[in-house]
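Student:
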Amino acid sequence: MKKLLLLFFAVVTLMAAPKFLMPEEAFKSSAQVNDESQIVAKIEIAKDIYLYEESIKLELTDGSGLNISNIDSPEAIDHHGDMAYITTPTFIVYLENSSGATGVKDVEFNISYQGCSERGLCYEPYTDKFKLKIDTDKLQNVESINKLEPIKLEKEEKKNVTSQELSETDFIADTIKNSSLWMVLFTFFVFGLFLSLTPCVFPMVPIISGVIVSQCKNEEKCKAFTMSMVYVLAMSVAYTIAGVLAGVFGANLQAALQNPYVIVAFSGVFIALAFSMFGFYEIKIPDSIVSKVSKTGEEKGGMIGVAIMGFLSALIVGPCVAAPLAGALVYIGQTGDAALGGAALFAMSLGMGIPLILVGTSAGKLMPKPGEWMTLVNAFFGVTMVIIAIWMLERILDSYITMLAYSFTGIGFAYYLGLFDHEKAHHHVKKTIAMIIFVYSVALFIGVLSGSNSMTKPLGSLTSPVTSTAVSSVSHNNFTKVTSIAELDLLLEQNSGKKILLDFSADWCTACKELEKVTFSNEAVKTKMDEFVLIKADITANGEDEKNLSAKYGVFGPPAIIFFSKNSEVLSSKTIVGFIEPDKFLKHLNSI
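Next up, the structure:
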């Protein structure tokens, strides 16, 4: 009885399984010579079968002195992201008699092709060979026509190139190339305004505020707007120089200054600024120098300090690679025109700096009068500088170490605000703020001890195992990590016939983390991403292998998402550079 049941289920399974056609049933190629000695080639395809346009090759392997001068091909359509034929294509092959042969010649003509079934099966490439007889005397009638064909083809190819869908990065690079100087500058200035709303610029806000607060000890002498302009101009110069060098040499713009020694050094600078704001010492020009220069010289020295801070903080805090920045770098790399590319980057940087100018000017104009409030403001920006230093160290330290640092900073600030000072019981607002900071900081500390590494849910690891299991089952997207071209090529070969998503990422990339937390964690996005083979190109180390991998795919810095067709070919028009919102990304995935 048991054997009969097993046999029954086996028969049902076989009947339910999709039936795939044999290759000779799916494809039937033919080739014949018409009255004008042109070869008419045809590939008949069965129902629910399609052919990849790029896989079709028509060639003479033994032409007896004859050559192919032109091929009339039917128009392919976009089929799941690839150009393909879903109905039987017919090709007209024109021959030319380049050797002066006469009479009837025997030729060998080959048709190569590869296609797939709509039910999920892809056939291997095939090549069919045909023996044909060509009357060379008739070729004289089409020889004059063939001379005109290259001109026709050139125009058609140019038309196809201009009408081809471009990625956002390539479109921006093309905009620089084909627009006037003022249009380019205005466009990139607007791009900069939009980029100022991204997390790449947010760390600059407390930096410029803290710098101006530390400089504006005297409200009457405070020139907040001028200092803000100096800071932003210095930041723009830094972006422009780094961008031009990256475009010319093809370097990774972000990774250039992500060396651990550089990060530690700059973190030390912010710690030094923090202790200055806490009142341990005052950062200023030495008195010996001040006494030798005029009052104007002292102000000039302060401006120089602001400019240096703007220049250095721009390099170390960012920049994030987004489509406008990548487009400018692509333009510089393709044309070598560093002047126009650099001007575009400078205009973009100024646009990014507009909110910083507003923040910096407000910080100077809204300065409280000397007293306890002034001390509290300085302390606030001092803590902010410490937080920025820890945020920078996140790129090279384990998450539990930085969480401890954030926790200790918060507990210390709560103590500074007088949380445990009973003599200042009437300061209810300040004590309430201090209590909130203290509770969150203690939660971070407990989270570290319990094994959590989340700043938003530090106590998440203390939830029940059932909840944890449920959460892990939802997070079904798994990326395979690669760091070299060889590793990626192997994965592409192993997953031929599948749609592939390649995510360029790095531990020190702020926008990459936002992309993972906001976009990749979206439930609808995760479900759609299950249709793709997910590969992560980890370029954190920025070694020779990582640089070669980035250079091969034209990536100037993460985040960048590249898509491959089922033939393992790059879908250039679908490339994404920079952070993208979940809704837009989902729409983008549906178009592939």
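End of the sequence shown sits at 593 in my numbering; the numbers just go up one at a time, nothing left out. All residues carry an ideal CB built from backbone N, CA and C; glycine is no exception.
#1: Whose C-alpha, out of L140, I44 and I593, is nearest the C-alpha of I69?
#2: Go ahead and label N591 buried or exposed: buried means 16 or more other beta carbons lie within 10 angstroms of its beta carbon, across all protein chains shown.
#3: Enumerate, from N- to C-terminal direction, the unbroken beta strand (DSSP E) stretches of 3 or more residues contained entirely within the region 558-586.
#4: Excluding sequence positions up to five away, which residues of its chain have a Cβ less than 7 Å from the Cβ of D63?
#5: At what residues does the beta strand (DSSP E) containing T481 begin and finish?
#6: Just the Cα atoms here: how many angstroms apart are A27 and F131?
#7: Helix, strand or coil: how does DSSP classify E60 here?
#8: By how many angstroms is the C-alpha of N379 removed from the C-alpha of A487?
#9: Ordered along the chain, which non-local residues of its own chain (more than five positions away) have a Cβ less than 6 Å from that of V245?
#10: By Cβ distance, which residues of its chain are closer than 8 Å to S99, with the 5 residues on each side in sequence left out?
#11: List the endpoints of the continuous alpha helix (DSSP H) containing K529.
#12: Here's the rule I'm using: 16 or more other beta-carbon atoms within 10 Å means buried, otherwise exposed. How should D504 be labelled?
#13: Can you find the residues in the same chain that come closer than 7 Å, C-beta to C-beta, to Y53, ignoring five residues on each side of it along the sequence?
#14: For D339, does the three-state DSSP call read helix, strand or coil?
#15: Suppose contacts are defined by Cβ-Cβ distances below 8 Å. Is A1 in contact with T362 by that definition?
#16: Could you tell me if T103 is buried or exposed, where buried requires 16 or more neighbouring beta carbons within 10 angstroms of its beta carbon?
#17: Is C510 helix, strand or coil by DSSP?
#18: Going by the DSSP bridge assignment, what does Q33 pair with across the sheet?
#19: Could you check whether S118 and I50 sit closer than 8 Å to each other, using their CB atoms as the reference points?
#20: Verify whether the separation of the beta carbon atoms of G411 and F439 is less than 8 Å.
#21: Using a 10 Å radius around the Cβ and a threshold of 16 neighbouring Cβ atoms, would you call E532 buried or exposed?
#22: Within 10 angstroms of its Cβ, does I391 collect 16 or more other Cβ (buried), or is it exposed?
#23: Report the CB separation of K575 from F586 in whole angstroms; it is logged as a contact under 8 Å.
#24: Kindly indicate which three-state DSSP category S70 falls into: helix, strand or coil?
#25: Which value, in whole angstroms, describes the spacing of the CA atoms of T457 and A525?
#26: Measure how close the beta-carbons of V519 and P583 come, nearest whole angstrom, since I'm counting them as under 8 Å.
#27: Could you check which residue in I40, L516, K48 and F521 has the C-alpha nearest to that of K29?
#28: Does S592 come out as helix, strand or coil in the three-state DSSP assignment?
#29: Drop a sphere of 10 angstroms on the beta-carbon of K134, count the other beta-carbons inside from all chains shown, and report buried for 16 or more, exposed for fewer.
#30: Which residues does DSSP pair with K130 in a beta bridge?
#31: Grab the span of the alpha helix (DSSP H) containing N496 for me, first residue to last.
#32: Quick check on DSSP: helix, strand or coil for S476?
#33: Does the beta carbon of S592 sit closer than 8 Å to a beta carbon anywhere in chain D?
#34: How many angstroms separate the CA atom of T511 from the CA atom of L398?
#35: Measuring CA to CA, which of L122, V94, V105 and Y262 is closest to N111?
#36: Drop a sphere of 10 angstroms on the beta-carbon of G354, count the other beta-carbons inside from all chains shown, and report buried for 16 or more, exposed for fewer.
Tutor: Reading it off the structure:
#1: Within the sequence shown, the letter at position 68 stands for residue 69. Comparing Cα-Cα distances from I69 to each of L140, I44 and I593, the minimum goes to L140.
#2: Numbered from 1 along the sequence shown, position 590 holds the residue referred to as residue 591. Flag for N591 reads exposed.
#3: 561-565
#4: Counted from its first residue, the sequence shown places residue 63 at position 62. Closer than 7 Å at Cβ, skipping near neighbours: V108 and E109.
#5: Position 480 of the sequence shown, counted from the first residue, corresponds to residue 481. It spans T481 to V483 - the beta strand (DSSP E) in which T481 sits, taken as one unbroken run.
#6: Translated into positions along the sequence shown, residue 27 becomes position 26. Translated into positions along the sequence shown, residue 131 becomes position 130. Going from the Cα of A27 to the Cα of F131 covers about 19 Å.
#7: Here residue 60 is taken as the residue at index 59 of the sequence shown, counted from 1. Three-state result, E60: strand.
#8: Locating residue 487 in the sequence shown gives position 486, where the first residue counts as 1. Locating residue 379 in the sequence shown gives position 378, where the first residue counts as 1. Rounded to whole angstroms, A487 to N379 spans 53 Å at the Cα level.
#9: The residue labelled residue 245 in the question sits at position 244 within the sequence shown. Taken in chain order, the residues that qualify are A339 and G343.
#10: In the sequence shown, counting from the first residue as 1, residue 99 sits at position 98. The residues are G66, L67 and N68.
#11: Within the sequence shown, numbered from 1, the residue matching residue 529 stands at position 528. Taken as a continuous stretch (DSSP letters only), the alpha helix (DSSP H) holding K529 covers E524 to M530.
#12: As a first step, residue 504 is located in the sequence shown; it is residue number 503 there, counting from the start. Burial call: buried.
#13: On the sequence shown, residue 53 is found 52 positions in, with the first residue counted as 1. Around Y53: D83, A85, Q115, G116 and N568.
#14: Position 338 of the sequence shown, counted from the start, is the residue given in the question as residue 339. With the sequence shown as reference, residue 339 is identified as Ala, and Asp is not the correct amino acid for it. Here A339 sits in helix by DSSP.
#15: Missing from the structure shown is residue 1; the chain here goes from 2 to 593 and no further.
#16: For the purposes of this step, residue 103 is taken as the residue at position 102 of the sequence shown. T103 is exposed by the Cβ-count criterion.
#17: Sequence index remark: in the sequence shown, residue 510 carries index 509 (1-based). In this structure, C510 counts as coil in the three-state DSSP scheme.
#18: Numbered from its first residue, the sequence shown carries residue 33 at position 32. V41, per the DSSP bridge assignment.
#19: Position 49 of the sequence shown, counting from 1, holds the residue named residue 50. Position 117 of the sequence shown, counting from 1, holds the residue named residue 118. Yes.
#20: Within the sequence shown, the letter at position 410 stands for residue 411. Within the sequence shown, the letter at position 438 stands for residue 439. Their beta carbons are under 8 Å apart, which means G411 touches F439 by this criterion.
#21: Translated into positions along the sequence shown, residue 532 becomes position 531. When all chains shown are included, E532 counts as exposed.
#22: As a working mapping, residue 391 is identified with position 390 in the sequence shown. It counts as buried.
#23: The count along the sequence shown starts at 1 and reaches residue 575 at position 574. The count along the sequence shown starts at 1 and reaches residue 586 at position 585. Rounded, the Cβ-Cβ distance is 11 Å, inconsistent with contact.
#24: Numbered from 1 along the sequence shown, position 69 holds the residue referred to as residue 70. In the structure shown, S70 sits in a strand (DSSP, three-state: E or B).
#25: Position 456 of the sequence shown holds residue 457. Position 524 of the sequence shown holds residue 525. About 22 Å.
#26: Within the sequence shown, the letter at position 518 stands for residue 519. Within the sequence shown, the letter at position 582 stands for residue 583. The Cβ separation is near 7 Å, so the contact holds.
#27: For the purposes of this step, residue 29 is taken as the residue at position 28 of the sequence shown. For the residues I40, L516, K48 and F521, the minimum Cα distance to K29 belongs to K48.
#28: Here residue 592 corresponds to residue number 591 of the sequence shown, with the count starting at 1. Here S592 sits in coil by DSSP.
#29: Here the question's residue 134 lines up with position 133 in the sequence shown. Exposed, by the Cβ-count rule.
#30: Here residue 130 refers to the residue found at position 129 of the sequence shown. DSSP, once it has assigned bridges, lists N111 as partnering K130.
#31: Within the sequence shown, residue 496 is the residue found at index 495, counting from 1. Counting along the chain, N496 falls outside any alpha helix (DSSP H), and DSSP gives it neither H nor E.
#32: Counting from 1 along the sequence shown, the entry for residue 476 is found at position 475. Confidence at S476 is low in this model, with a pLDDT of 43, below 50, so the placement of that residue should be treated as unreliable; the coordinate-derived value is given next. It is coil, neither helix nor strand.
#33: Of the protein chains in the structure, only one exists, and it is not chain D.
#34: Here residue 511 refers to the residue found at position 510 when the sequence shown is read from its first residue. Here residue 398 refers to the residue found at position 397 when the sequence shown is read from its first residue. Each residue's Cα considered, the two are about 15 Å apart.
#35: Taking the first residue of the sequence shown as position 1, residue 111 is located at position 110. Ranking the options by Cα distance to N111, first place goes to V94.
#36: In the sequence shown, the residue the question calls residue 354 occupies position 353. Answer is buried; the Cβ neighbour count reaches 16.
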